[in-house]
Amino acid sequence: MERMDQEDLDYWERETRRHKGNAQVYRASLQNLRGYFNQSEGGVHTIQAMFGCEVSPELIFKRGFCQDAYDGRDYLALDTETYTWTAAVPQAVNSKRKWETDRSIGERLKTFLEEECVLWLKKYLEMGKETLKSADPPAVRVTRRAGPHGEVTLRCRAQEFYPADISLTWLRDGEEQLQDTEFIETRPAGDGTFQKWTGVDVTSGQEGKYTCRIQHEGLPEPLTLKWEPESSSTPVIVGGIAVVFIIAVIAGVAIWRKKTSGGKGGDYVPAAGNDSAQGSDISLAA
Numbered sequence: 001m002e003r004m005d006q007e008d009l010d011y012w013e014r015e016t017r018r019h020k021g022n023a024q025v026y027r028a029s030l031q032n033l034r035g036y037f038n039q040s041e042g043g044v045h046t047i048q049a050m051f052g053c054e055v056s057p058e059l060i061f062k063r064g065f066c067q068d069a070y071d072g073r074d075y076l077a078l079d080t081e082t083y084t085w086t087a088a089v090p091q092a093v094n095s096k097r098k099w100e101t102d103r104s105i106g107e108r109l110k111t112f113l114e115e116e117c118v119l120w121l122k123k124y125l126e127m128g129k130e131t132l133k134s135a136d137p138p139a140v141r142v143t144r145r146a147g148p149h150g151e152v153t154l155r156c157r158a159q160e161f162y163p164a165d166i167s168l169t170w171l172r173d174g175e176e177q178l179q180d181t182e183f184i185e186t187r188p189a190g191d192g193t194f195q196k197w198t199g200v201d202v203t204s205g206q207e208g209k210y211t212c213r214i215q216h217e218g219l220p221e222p223l224t225l226k227w228e229p230e231s232s233s234t235p236v237i238v239g240g241i242a243v244v245f246i247i248a249v250i251a252g253v254a255i256w257r258k259k260t261s262g263g264k265g266g267d268y269v270p271a272a273g274n275d276s277a278q279g280s281d282i283s284l285a286a
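Just so we're aligned, residue 1 is where the sequence shown starts under our numbering, counting upward by one.
This is the structure in structure tokens:
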């Protein structure tokens, strides 16, 4: 951001003015939208706007987009070929007519998307080129989940990678497996990296036939991973410690109850476990 301040000292002031103006427009729009949807004055309502531009590798404008949503649902979208508006719901026809009547709205958006947006995108790409050129390889692990009816799912999880483009593929005996697979879209992790997973349903006992193949710019070559069963000794030891700890707690509570009742006549009442709301400090956190 320091470089932006040096190159364009009035950037923040200009953007602040712009967004303050937008806020006033959106407040007025909320009043109109409540009327279009026949809603009362009470309650919380939200307007969302998304706009931007896409450029070619040569940084030449390819397309622009501008979409509006109301209370989390699509409302209006701009057709950037004709610069007309598409109403996603019947209530949006009012706005569509209003915005298409005033041709200057579409013309201003066309200028912004095809010129100003591209100008700023070029500047952002230049400022972030060192970061954008770097590639962080994914951290990958394969997990196994057994269902209540004997079904088994293997999941291949990739995390902490950049850029977002990644390929996760399940192989069965070396052949690509498309049947019984599930994918999620690549998601931002919130720290500048991305995450993604894919799952495959398998027959119990056949897990060893499946491998996950990962391809990413940050890897020198494709990575393949299998599910590796975890040692059963650790859970047993941890379980033994947990049992001893619970017994010690129960014994301590019993002794404390006996002391507070004078050593006679006091009935033992076990402390509530963590899965109970009674007596649990965890429940107070909510």
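By construction, the Cβ of each residue, glycine as well, lies at the ideal position given by its N, Cα and C atoms. Bear in mind that the values here come from a model prediction, so they are computed numbers and not experimental data.
Cβ-Cβ separation, residue j to residue i (assumed contact under 8 Å), whole Å
i, j, result
"Lys196", "Ala158", "5 Å"
"Ile214", "Val142", "Wrong, their Cβ atoms sit about 10 Å apart, outside the cutoff."
"Ile209", "Asp180", "According to the sequence displayed, residue 209 carries Lys and not Ile. In fact, because the Cβ distance is near 13 Å, the residues do not count as touching under 8 Å."
"Glu230", "Val152", "The Cβ separation is near 15 Å, so there is no contact."
"Phe37", "Gly52", "So it is not a contact: roughly 27 Å between Cβ atoms."
"Arg155", "Gly205", "Rounded, the Cβ-Cβ distance is 18 Å, inconsistent with contact."
"Ala88", "Leu78", "In fact, because the Cβ distance is near 12 Å, the residues do not count as touching under 8 Å."
"Phe161", "Gly72", "That belief does not hold up - the Cβ atoms of Phe161 and Gly72 are roughly 29 Å apart, past 8 Å."
"Leu33", "Tyr70", "6 Å"
Residue interval of the alpha helix (DSSP H) (run including residue i)
i, result
"Tyr26", "11-36"
"Thr86", "First-last for Thr86: 84-87, but that is the beta strand (DSSP E), not the alpha helix (DSSP H)."
Status (buried if at least 16 other CB within 10 Å, exposed otherwise) for residue i
i, result
"His149", "exposed"
"Phe194", "buried"
"His216", "buried"
"Ile184", "exposed"
"Asp102", "exposed"
"Ala92", "buried"
"Ala178", "For the record, residue 178 in the displayed sequence is Leu; it is not Ala. Exposed, since its Cβ has fewer than 16 Cβ neighbours within 10 Å."
"Leu132", "exposed"
"Pro138", "buried"
"Trp12", "exposed"
"Asp68", "buried"
"Leu119", "exposed"
"Thr203", "exposed"
"Val25", "exposed"
"Thr16", "exposed"
"Gly252", "For Gly252, the predicted model reports a pLDDT of 42, less than 50, meaning its position is unreliable and no value from the coordinates is stated."
"Asp10", "exposed"
N-terminal and C-terminal residue of the beta strand (DSSP E) that residue i is part of
i, result
"Ile47", "47-55"
"Gln67", "61-70"
"Leu317", "A query on residue 317 cannot be resolved here, the shown segment of the chain reaching from 1 to 286 and no further."
Contact test: residue i Cβ vs the ligand ADP heavy atom, cutoff 7 Å
i, result
"His149", "The model depicted lacks the ligand ADP and carries no ligand whatsoever."
Test: residue i CB closer than 8 Å to a CB of chain C
i, result
"Pro148", "Structure shown: chain C not included; a single protein chain is present."
Requested in this report: Write down every uninterrupted run of the beta strand (DSSP E) in the segment 138-210 whose length is 3 residues or greater and which is fully enclosed by it, in chain order.
Outcome: 139-146, 152-161, 166-172, 181-183, 194-202
Query raised in the report: Are there three or more Cβ pairs, one per stretch, closer than 8 Å when the segment 101-120 is compared with the segment 82-92?
Result: yes
Query raised in the report: Where are the alpha helix (DSSP H) runs, 4 residues long or more, that stay fully inside the segment 75-136, in chain order?
Result: 93-101, 103-111, 117-127, 129-133
Query - Sufficient close CB pairs (3 or more, under 8 Å) joining the segment 44-56 to the segment 94-103 - result: no
Query raised in the report: Are the segment 56-65 and the segment 118-132 touching, with three or more C-beta to C-beta distances below 8 Å?
Result: yes
Query raised in the report: Within the chosen definition, does the segment 178-194 reach the segment 218-233 through at least 3 CB pairs nearer than 8 Å?
Result: Because the criterion of three Cβ pairs below 8 Å is not met, the segment 178-194 and the segment 218-233 do not touch.
Query raised in the report: How do the segment 113-120 and the segment 161-169 stand: do at least 3 beta-carbon pairs fall below 8 Å, yes or no?
Result: Below 8 Å, too few C-beta pairs join the segment 113-120 and the segment 161-169 to call them touching: fewer than three.
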